[in-house]
Structure formats: structure tokens, C-alpha cells
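Asker: Its first residue numbered 612, the sequence shown is counted upward by one per residue in our numbering.
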Amino acid sequence: MKILNYLAFGVLVAAYSPHSAVIANPRIIEVKFDSDAVVHVSCELNRQTMIEFDKGERIENIAIGEAEDWQVTPSKGANLIFIKPLVMKSKTNMTVVTNARRYLFDLSSMGNVGSGIYALRFRYPEELVLPFSNELQQEVSHVPQAVSRPDVYPYSWQMAGDATLFPEEIYDDGSFTFLKWKPGLDVPAIFSPTIDGQEGPVNWTMSSDVIRVDGVQSSYVLRIGKIKAVLTRSGPMKPIEKSDNYGSGK
612 MKILNYLAFG
622 VLVAAYSPHS
632 AVIANPRIIE
642 VKFDSDAVVH
652 VSCELNRQTM
662 IEFDKGERIE
672 NIAIGEAEDW
682 QVTPSKGANL
692 IFIKPLVMKS
702 KTNMTVVTNA
712 RRYLFDLSSM
722 GNVGSGIYAL
732 RFRYPEELVL
742 PFSNELQQEV
752 SHVPQAVSRP
762 DVYPYSWQMA
772 GDATLFPEEI
782 YDDGSFTFLK
792 WKPGLDVPAI
802 FSPTIDGQEG
812 PVNWTMSSDV
822 IRVDGVQSSY
832 VLRIGKIKAV
842 LTRSGPMKPI
852 EKSDNYGSGK
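1. Could you give the distance in angstroms between the alpha-carbon of asparagine 710 and the alpha-carbon of phenylalanine 664?
2. Under the three-state reduction of DSSP, which class applies to leucine 697: helix, strand or coil?
3. Report yes or no: do three or more beta-carbon pairs, one from the region 689–706 and one from the region 765–782, lie closer than 8 Å?
4. Should valine 698 go down as buried or exposed, given a rule of 16 or more other Cβ atoms within 10 Å for buried?
5. Would you kindly work out how many angstroms separate the C-alpha atoms of isoleucine 670 and glycine 725, rounded to a whole number?
6. For threonine 684, count neighbouring Cβ atoms within 10 angstroms of its own Cβ and tell me buried if that reaches 16, exposed if not.
7. Would you mind working out which of Leu656, Asn690, Pro637 sits nearest isoleucine 662, comparing C-alpha positions?
8. Taking C-beta to C-beta, are serine 686 and valine 798 nearer than 9 Å?
9. For valine 649, does the count of other Cβ atoms within 10 angstroms reach 16, so buried, or fall short, so exposed?
10. Given this structure, state the Cα-to-Cα distance separating serine 830 from glutamate 737, to the nearest angstrom.
11. Apply the 10 Å Cβ neighbour rule to serine 646 and answer buried if 16 or more other Cβ atoms are within range, or exposed otherwise.
12. Counting beta carbon pairs with one atom in the region 794–812 and one in the region 827–844, are three or more of them shorter than 8 Å?
13. Around the Cβ of alanine 774, are there at least 16 other Cβ atoms within 10 angstroms (buried) or fewer (exposed)?
14. Starting from the C-beta of serine 845, find all residues in its chain whose C-beta is less than 6 Å away, skip the five residues before and the five after it, and write them out in chain order.
15. Out of Val652, Thr843, Asn814, state which residue places its alpha-carbon closest to the alpha-carbon of arginine 732.
16. Taking the alpha carbon of leucine 674 as the reference point, which residue from Thr805, Met705, Gly667, Leu656 has its own alpha carbon closest?
17. Answer with buried or exposed for glycine 785, where buried requires no fewer than 16 other C-beta atoms within 10 angstroms of its C-beta.
18. Once DSSP output is grouped into helix, strand and coil, what is the label at aspartate 797?
19. Looking only at its own chain, which residues have a Cβ that is under 6 Å from the Cβ of valine 642, when we skip the five neighbours before and after it?
20. Quick one: what does DSSP say leucine 718 is sitting in, helix, strand or coil?
21. Cα separation between glycine 808 and threonine 843?
22. As a quick exercise: from Arg658, Phe802, Gln828, pick the residue whose alpha carbon is nearest that of phenylalanine 787.
23. Are there 16 or more other CB atoms within 10 angstroms of the CB of histidine 753, so buried, or fewer, so exposed?
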């Protein structure tokens, strides 16, 4: 009888052990890394999906096909991105280039159906060591949307709102807008005003901690949660030549 009691007690303890309480969640998935594979990511409206890359990787470029329907935000550590669909039943593709690898994604927005992915992680071959080879480095440097600093910045920008969202640098070359935040700060979501008075996401790429936004708008809205800041482009100024004090405010 005592033996049965001990067995029953052992089963009870096992049932309430921390390890047994952990249940695999189908919304959190792990995918084996393959540079030639296209990873499908199912998202839900009003939910964000996190994609996690390898430790030591830093996001250099993000390009998305239908930028108006999606919000894509990198983490301050630059090895996570957060994806949020803005409309239902939207499908597009996304390419992410890091300092080590390239990734291809198909994104789809399914609405509120309760089966979207919350988190996606990659499983990497042990023999793959960071940083990546010179061949891939040269390939990344020739990506058409790679960020480069213009020689002159003919316009100034005014900032208003929550100062915690202000970029350290903002400038444009007449074709693209460039923004940079101090290391360690969260990069806010970037929007531009639409014709109907709403806010729409912008298409952007990142390289060397500088975000390059396609086009130049009269203003941009920055948001993290409920806090907001507005960047407004002012009138033309005399072009400033590039110098050693670039970006230092001197």
C-alpha cells in the first residue's frame, strides 16, 4: 500500500513539474535555414509576428513588395524584426539581408482567424560561422537598395512631439530620406500622410544603422505604441558639402 502511495505521489509531482507544464505552441515555429528556400509567414490583422535571426547577425537591408499593406520594424539589437499586416487578405514577398546571410519570405495576412504565426526562429548548420564570406559581402554591397550617404543635403528637418522618438540624424537628397537613431534605441514605425488624411507605412531599407526611406515626403510620423513624433521638411537651404564632421552637428 505504501508503495502505491509513493507511486501516486510521484505521478502527481511529475504532473506539476515545470518541464511538464511547458506545451509546444504551434504559433511558435522553427525553420531550418536554407538560403535558397522561401519561408512562408502567415500573419493576422491586429497581431504582430516576430522573426528572430542568429545571434551576432545584424539586419542590413529589408525590402518588401507591397509596403503600403505591411509594417516592418527592426529591433534595437537588429537581429529581430516585427511584422504587422495593416489590411486583410494581403500577400507580398520580403527579402532580408543581414551581415551574414540572406532570407526570402512570402507574407500573407489572413485576418483574425486565430492561426497566424507569433514567432519564427531559424535553426542553423553548426559549420556556418559568422561573419560571412567576402563573396556574400560583395553581393550585399551591390544590392540596388543598399543605403549610401548622399554628398549633399539640400533641406533641413524640424522635429516635434515625443523627443524619445527623434532620430539622431535626418536628411534627404531629393530622392530618398535618410534617418539614423542612436545605438541601443528602438526604431519606431515610420509613416507618411496619405491623401485622405490617414497615415500609411513607407518602404525602406537599412544599412550600417542608417534607414533609407524611398522618396521624400513633406512630413513623416514616427510611432511606438501610443507615443508619436512628427518630422517636417522645411524650405530649401544652401547645399552642405560632406566633411569629416558629417552628422556631428558641428
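The beta-carbon is built from N, C-alpha and C at its ideal position, and this holds for glycine as well. This structure is a prediction, so every number in the text was calculated from the model and none was measured.
Answerer: The answer reads as follows:
1. Distance between the alpha carbons of asparagine 710 and phenylalanine 664: 11 Å.
2. In the structure shown, leucine 697 adopts coil according to DSSP, grouped into three states.
3. As far as the Cβ criterion goes, the region 689–706 does not touch the region 765–782, which means the pair count is below three.
4. Exposed, because fewer than 16 other Cβ atoms sit within 10 Å of the Cβ of valine 698.
5. Distance between the alpha carbons of isoleucine 670 and glycine 725 is about 29 Å.
6. With 16 or more other Cβ atoms within 10 Å, it is buried.
7. Ranked by Cα distance from isoleucine 662, the options Leu656, Asn690, Pro637 are led by Asn690.
8. Going by C-beta atoms, serine 686 is nearer than 9 Å to valine 798.
9. Label assigned to valine 649: exposed.
10. Separation of serine 830 and glutamate 737 (C-alpha to C-alpha, rounded to the nearest whole angstrom) is 46 Å.
11. Exposed, because fewer than 16 other Cβ atoms sit within 10 Å of the Cβ of serine 646.
12. Result yes; three or more Cβ-Cβ pairs closer than 8 Å.
13. So alanine 774 counts as exposed.
14. These residues qualify, in order along the chain: Ser767, Gln769.
15. Nearest C-alpha to arginine 732: Val652.
16. Here residue 674 turns out to be alanine, not leucine, going by the sequence shown. The candidate whose alpha carbon is nearest that of alanine 674 is Met705.
17. Exposed, because fewer than 16 other Cβ atoms sit within 10 Å of the Cβ of glycine 785.
18. Three-state result, aspartate 797: coil.
19. Excluding residues within five positions, the ones whose Cβ falls inside 6 Å are Val650, Phe733.
20. Leucine 718: strand per DSSP, three-state reduction.
21. So the two alpha carbons sit approximately 16 Å from each other.
22. If we check each option's Cα against that of phenylalanine 787, Gln828 comes out closest.
23. The predicted model places histidine 753 with a pLDDT of 42, which falls under 50 and marks its position as unreliable; any figure quoted below should be read in that light. That one is exposed.
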